[in-house]
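Protein chains: 2
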Amino acid sequence: MQSDTRRRILDTTADLFRRHGYTGTGLKQIVAAANAPFGSIYHFFPGGKQELGEEVIRRSGRMYQELVEAVWSQGDDLVDGVRAVFDGAAEVLRATGYVDACPIATVALEVASSNDTLRRATADVFESWVTAAAERLRAGGVPSRRARPLAIAVIQLLEGGFMLSRAAQDTEAMDAAGAAAIELVAAAVRRGKLPAAR
Amino acid sequence: MQSDTRRRILDTTADLFRRHGYTGTGLKQIVAAANAPFGSIYHFFPGGKQELGEEVIRRSGRMYQELVEAVWSQGDDLVDGVRAVFDGAAEVLRATGYVDACPIATVALEVASSNDTLRRATADVFESWVTAAAERLRAGGVPSRRARPLAIAVIQLLEGGFMLSRAAQDTEAMDAAGAAAIELVAAAVRRGKLPAAR
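These protein sequence lines are chains A and B, in that order. Under this note's numbering, the letters of the first sequence match residues 1 to 198, in that order. Under this note's numbering, the letters of the second sequence match residues 1001 to 1198, in that order.
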């Protein structure tokens, strides 16, 4: 029962962060939307909004990574997988009225210069995404030392795609991001097949 | 004298948006930092925070575009220009302790699903950047119909570079963004030189 309330608070806060950011989300708003007593936040998160915020960032980061990896795995090969991720992101944007996007991007920019604990949490999430994507790229044939910078670029294109597509309420930007990511990954795989690149 | 105060309010607000976002910036904080009487905000911006916010977004967008175009023009050719933009962004991040970045990105994500007037302002700014970058790419030899999606991807890599580099307080991500942008632009220029692509 208690852990149900805790999970409801975490889910609700993640949703509110995604829509309104960290600063724009108040504790009263969270308990109202989570249908939880106000004291329950401090019961589960004695450090208040910052402790709750840190857990939401790390948990949302893990959940989003699992989601993206599941979509990526649908592809027959690396390029197909990357295409599935960007097509899926565009589809979710359209289906949710351009609301549902990266769960930590807004918070990451808000806290980058104002809250070092939360900044570190967002940095850890991005790092875990980069590590996982680089591993996947390596397994798909991208030469080892190219895999990490390429993984970073693919994640940056996805984040930039969310930013520009949400602003324009149009998936043109996400489509352009996907095309660029596919071009970069395909070129890296081709280079991985050349004898000189081994 | 009045226009001095107005300009000080705009400059200060732009700086606060960059560091704390729209929601995290209060009117009292603005007048204190701008050394202006509280009433001056409503004198110059009768619509209050939203009217001020819209003007800051559009003005910061124009100023940042001029800055980026000046840096881009330092390059001897298209690839050199793109390199100068990303190297410059990495240098500014290092020099400012990872504070100074895109002036509208944080606000764009904050308002995307909560304030349609400000969302449109951020969309207009991104669109003007895309149009200007696409024109520059075309002039540098990128085939016409490739120029727009490529311009979008380059801007998305820059935005993603700011996001990941600020979170990690490290320019590795901006460097990876620059390398990816250079690879995409160089490939587009090469294809523009092939007879079949004309």
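We put the CB at the ideal spot given by N, CA and C, even for glycine.
Closer than 8 Å at the C-beta level to chain B, one finds these residues of the region 18-48 of chain A: Arg19, His20, Gly21, Thr23, Gly24. Residue-level contact by beta carbon fails for A/Pro195 and chain B, as no gap is shorter than 9 Å. At a cut-off of 9 Å between beta-carbon atoms, B/Met1063 makes no contact with chain A. Rounded to whole angstroms, the gap between the alpha carbons of B/Phe1162 and B/Ala1101 is 6 Å. Between the alpha carbons of A/Ala180 and A/Gly21 lies a distance of about 28 Å. Straight across, the Cα-Cα distance linking B/Ala1090 with A/Ser128 is about 22 Å. The C-beta separation of B/Thr1106 from A/Leu109 comes to about 4 Å, placing the pair in contact by the 8 Å criterion.
The Cβ atoms of B/Ser1113 and A/Val99 lie closer than 9 Å to each other.
By the criterion of a C-beta distance shorter than 6 Å, B/Ala1186 is surrounded in its chain by Val1079, once the five residues flanking it on both sides are discounted. Comparing C-alpha distances from A/Ala134 to each of A/Arg19, A/Val125, A/Arg145 shows the shortest one belongs to A/Arg145.
Following the DSSP letters along the chain, one finds A/Gly97 in no alpha helix (DSSP H), marked with neither H nor E. From the listed residues B/Phe1086, B/Ile1104, B/Val1092, the smallest Cα separation to B/Glu1183 is found for B/Phe1086.
From the beta-carbon of B/Gln1050, no residue of chain A is found nearer than 8 Å; the closest lies around 14 Å away. Note on geometry: alpha-carbon atoms of A/Ile57 and A/Pro143 lie some 31 Å from one another. Excluding sequence positions up to five before and after B/Val1092, its CB lies within less than 6 Å of the CB of Asp1100, all in the same chain and listed in chain order. Residue state for A/Gly61 is assigned as helix, using DSSP reduced to three classes.
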